[in-house]
Amino acid sequence: MGFLSFLYFLFSISMFSFVLARHLLDKYEEIQQMDVEPWPEDRPYVPGPMKWYSGRTPWIKDALFSPYLKKDSNSVEKKKKKKIRNAEKY
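In the working numbering, the protein residues as written are 3 to 92.
Okay, here's the thing in structure tokens:
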């Protein structure tokens, strides 16, 4: 009886690995067939592990690079005013 349970255990592991491999291959083929847009010139390129996301998922690009993209001119003016106020204090 123990031998049959061991065989069932091996069978279940092999089926799980087969299904997982099939799923990963399908995802890989799906990614290969996607339209990849070139990197826009106005966005800074950040090298590293996130370069995989360069043209595939725009929502994650916006989430990753939003601090670089949204340079608020108002914040620059606020910093200048703060420097002037600090200089006037002394």
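Using N, Cα and C, we set each Cβ at its ideal position, and we do this for glycine too.
Quick caveat: nothing in here was measured; it's all calculated off a predicted structure.
What residue range is occupied by the uninterrupted alpha helix (DSSP H) comprising Q34?
First-last of the alpha helix (DSSP H) with Q34: G4 to Q34.
Express the C-alpha separation of M17 and H25 in angstroms, rounding to a whole number.
When rounded, the distance between both Cα atoms is 12 angstroms.
Through-space distance from L6 to S14, alpha-carbon basis:
The alpha-carbon atoms of S14 and L6 are separated by roughly 12 angstroms.
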